[in-house]
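J.: Pasting a structure here, questions to come.
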Amino acid sequence: MFITELIQEAAVTSLSALFQQPFTAKDFQVNQTKPEFEGDYTIVLFSLLKKTSRAPEALGKELGDDMIRRHPELFSSYNIIKGFLNFSISDQYWMTLLQHNYNDVCFGKHPMNGKKVMVEYSSPNTNKPLHLGHLRNNFLGWSVAEILKANGYEVLKSCIVNDRGIHICKSMIAWQLFGNGETPQSTGMKGDHFVGKYYVRFNDEYKQQVKELVDHSIPQAEAEKQAPIMIATQEMLQDWEAGNPEVMDLWRTMNGWVYEGFDITYKTIGSDFDKTYYESNTYLLGKDIVQTGLDKGVFFRKEDGSVWIDLTPDGLDEKLVLRKDGTSVYITQDIGLAQQKYEEYKIDQSIYVIGDEQNYHMKVLKLIAKKMGVPYADDIHHLSYGMVELPTGKMKSREGTVVDADDIVQEMENEAKAKTEELGKVGDFDPAELASLYHTIGLGALKFFLLRVDPKKRMVFNPEESIDFHGFTGPFIQFNYARIKSILRKNELENVIHLPLDFLPAEKELIISLEKYPAVIRQACDELNPSAIAIYIFNIAKAFSSFYSGHSIANAESAEKKQLRLQIAVMTANVLKSGMQMLGIDMPERM
RNA sequence: GAUCCCGUAGCUCAGCUGGAUAGAGCAUCAGCCUUCUAAGCUGAGGGCCAUUGGUUCGAAUCCAAUCGGGGUCACCA
């Protein structure tokens, strides 16, 4: 149980006994005491004054006395300042906490709860390489999956690959027209970049053709439709849907190139999936459900044969769910896939990591599920995240302002290498160890940078300033971990039980912070928010760093103090490693 | 036009289920390596929490309006 819960419980018991009426934890707040006041945790009394008809001081005294009387092992003293009842928690409580948990690498994690949840993330298109926005998505998805596991869920990671549609045909057409049979192998290019090159080529060519048509005084809108390369692309899409062998063959080949490239990137960044869905397999799903919905009267058919749902009573619009030619649209497929996931895996929750530009779409999906009365409607969660922008504005592939995923990872590793060589602390590492260290630090910096911000907020990535290994960064935390590991290599930890010892304020502060870890894991799960972990872990690292510079562990005042500090160091290292693991960030033993 | 999100230090972000004097990092300035890893530590400066009004004992936090920025409202995915 968390300390705040213990305090709440104790206060509820005392209040109910003192005033002969029921109280709950919601009647008052328990906060950590501000550093400028004496005490560890504070009960705010204002909200209780009316119900108890007491003045703050009187209430504080009655409550404080009663709580101490009932729990002498927990509370050592209290003071009242204005409406704030400040308790000092007994050293014995903190000491017991430390003794029981310092060497438990699972500290903070919660037991299995028997629930199964699927996290869908990444969702790439197979016409171009991954960029920085995809990295935010991948890191979020991975991290949320880890956070759910730590909270006792069984987690399945899934990926829906957008492998069909007009955008795929664009790179196919361009390759047919201009490729001269070249391949990733023949050019030495990574497959996804190779295909992406032709996607860009398409857009260049298309722009050129439209311009020429406009120059021959054809209106812009008309020119966009008439451009020969666009017409060819649309024909190809029809051929694809008709199953034309030649087109299918090209499609398989080019997608294969992209997958080879993606595999490399996923391996590099540490993303993986338990189940991969391909839109080419799922795009027809959902049509049966639409029929069921029609029978139920949830959907309606318009004169031209298209099928719609009227969401105006819910403040939204009418939404198309089936085209007049009977083919499915984006939402149709999602309705089907949601059903399939539920049936296939018996999941209790389905989390979709998708950008916030699809908030409306996901709202509609959930609403449709609700109206259809499916059992999983309430268990669909959209983890909506904001765009990653550059200081100059949005990233646009057409304008070449996209930060490529492979490039930025490489750049971070290069920076890690340069910095490591400059510091010269690992001169004895062999080349493989060095490469691994650069990867750990560079990727750690990137992951931490993208995960430390609240997912739902847009964020700015400045290529010049963002590659920073100082301050609120992954490498800072890794550094503190390595520093603790260095101490532990040089100092023996003996499993001795300590007599009551006085804590220094800095020692107690660290233990109090460490105690919050289980609550932070819970909160990160409730909010589906890895940044809660990132911020917490940084604060732990900072507290340790500050402690480290003020107090020697190896040369502590006494042998017992040394053991106490070693235990605190071990627990700090465990929490740092465990927390960073939930962000998908490895910790080096040395750096 | 409808609807949703955002606006906190020069910059990037915390804090938002209302509580004590609004916090970090970067950048700037001043100190600190003969002692456990200085990717570090200590300190200084830097704020009308977009604006106005409301609710409350108490508002950065809740409500409303306004102003600024962005998303969405496709028989695209």
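Residues 1 to 591 in the numbering used here are what the first sequence lists, from first letter to last. Beta carbons: idealized from backbone N, C-alpha and C, even for Gly.
By Cβ distance, which residues of its chain are closer than 6 angstroms to H71, with the 5 residues on each side in sequence left out?
T.: Once the five neighbours on either side are set aside, the close Cβ partners of H71 are A10.
J.: For D104, which residues from the same chain have a beta carbon less than 8 angstroms from its beta carbon, with the 5 sequence-adjacent residues on both sides left out?
T.: So the qualifying residues of the chain are N574.
J.: Determine the burial state of D272: buried for a count of at least 16 other Cβ atoms within 10 Å of its Cβ, exposed for fewer.
T.: D272 is exposed by the Cβ-count criterion.
J.: Going by alpha carbons, who is nearest to G141 out of V155, H131, V210, P129?
T.: Checked all of V155, H131, V210, P129; the closest Cα to G141 is V155.
J.: Quick one: grab the DSSP three-state call for Q99.
T.: Of the three classes helix, strand and coil, the one that applies to Q99 here is helix, per DSSP.
J.: Once you ignore the five residues that flank L316 on each side, which residues in its own chain have a CB closer than 8 angstroms to its CB?
T.: For L316, where only same-chain residues beyond five positions count, the Cβ hits under 8 angstroms are Y360, K363, V364, L367.
J.: Measuring straight from C-alpha to C-alpha, what distance separates K115 and T327?
T.: K115 and T327: Cα-Cα distance of roughly 36 angstroms.
J.: In three-state DSSP terms, what is T126?
T.: In the structure shown, T126 sits in coil (DSSP, three-state: anything other than H, G, I, E or B).
J.: Inspect the beta-carbon positions of P129 and D404 and report whether they are closer than 7 angstroms.
T.: Against a cut-off of 7 angstroms, the Cβ pair of D404 and P129 comes out as a contact.
J.: Leaving out five residues on either side along the sequence, give the residues of the same chain with a beta carbon under 7 angstroms from the beta carbon of F299.
T.: The answer, listed in chain order, is V290, G293, V307, W308, I309, V321.
J.: In angstroms with no decimal places, state the Cα-to-Cα distance between E279 and V144.
T.: Each residue's Cα considered, the two are about 24 angstroms apart.
J.: Only counting the same chain, and skipping five residues up and downstream in sequence, which positions put a Cβ closer than 7 angstroms to that of D379?
T.: Here the set comprises D348, Q349, S350.
J.: Leaving out five residues before and five after K207 in sequence, what residues of the same chain have Cβ atoms less than 8 angstroms from its Cβ?
T.: Contacts found: none.
J.: Give the single residue among V200, I160, E527, T187 whose Cα lies nearest to the Cα of M172.
T.: Among V200, I160, E527, T187, the Cα nearest to that of M172 belongs to V200.
J.: Rounded to whole angstroms, what's the CA-CA distance from I512 to A524? Just pull it up for me.
T.: Taking the straight line joining both Cα atoms gives about 19 angstroms.
J.: Taking the C-alpha atoms as reference points, what is the distance between Q29 and F46?
T.: Distance between the alpha carbons of Q29 and F46: 10 angstroms.
J.: By DSSP's criteria, R301 is part of a beta bridge. Which residues make up the other side?
T.: Looking at the DSSP assignment, R301 forms a beta bridge with V307.
J.: CA-CA distance, G181 and A445?
T.: Taking the straight line from one Cα to the other gives about 40 angstroms.
J.: Tell me whether G584 sits in a helix, a strand or coil according to DSSP, three-state version.
T.: It is coil, neither helix nor strand.
J.: By Cβ distance, which residues of its chain are closer than 7 angstroms to I408, with the 5 residues on each side in sequence left out?
T.: Taken in chain order, the residues that qualify are L132, L446.
J.: Any contact of the stretch 369–389 with the stretch 412–420, i.e. 3+ C-beta pairs under 8 angstroms?
T.: Cβ pair count under 8 angstroms is below three, so no.
J.: Helix, strand or coil: which one does DSSP assign to E389?
T.: Residue state, collapsed to three classes: strand.
J.: Residues in its own chain within less than 7 angstroms of L85 by CB, not counting five upstream and five downstream?
T.: If we look at L85 and ignore the five residues flanking it on each side, its Cβ neighbours are T42, I43, L45, G60, L63, G64, Y78.
J.: Below 8 angstroms, how does it come out for the stretch 190–198 and the stretch 144–153: are there three or more Cβ pairs, yes or no?
T.: Contact between the stretch 190–198 and the stretch 144–153 is absent, because fewer than three Cβ pairs lie under 8 angstroms.
J.: What three-state label does DSSP hand Q20 in the structure shown?
T.: Correct three-state label for Q20: coil.
J.: Where are the beta strand (DSSP E) runs, 3 residues long or more, that stay fully inside the stretch 274–301, in chain order?
T.: For the stretch 274–301, whole beta strand (DSSP E) runs of length 3 or above, ordered along the chain, are 275–278.
J.: Using the Cα positions of E413 and Q478, report the straight-line distance between them to the nearest angstrom.
T.: Whole-angstrom Cα-Cα distance: 15 angstroms.
J.: Measure the beta-carbon distance from I484 to A569 and round it to whole angstroms, keeping in mind my assumption that it falls under 8 angstroms.
T.: Rounded, the Cβ-Cβ distance is 5 angstroms, consistent with contact.
J.: How many whole angstroms separate the CB atoms of A519 and F87, which I take to be in contact at a CB cut-off of 8 angstroms?
T.: About 18 angstroms separates the two Cβ atoms, so there is no contact after all.
J.: Is it right to say Q21 is buried, meaning 16 or more other beta carbons lie within 10 angstroms of its own, or is it exposed?
T.: By the 10 Å Cβ count, Q21 comes out exposed.
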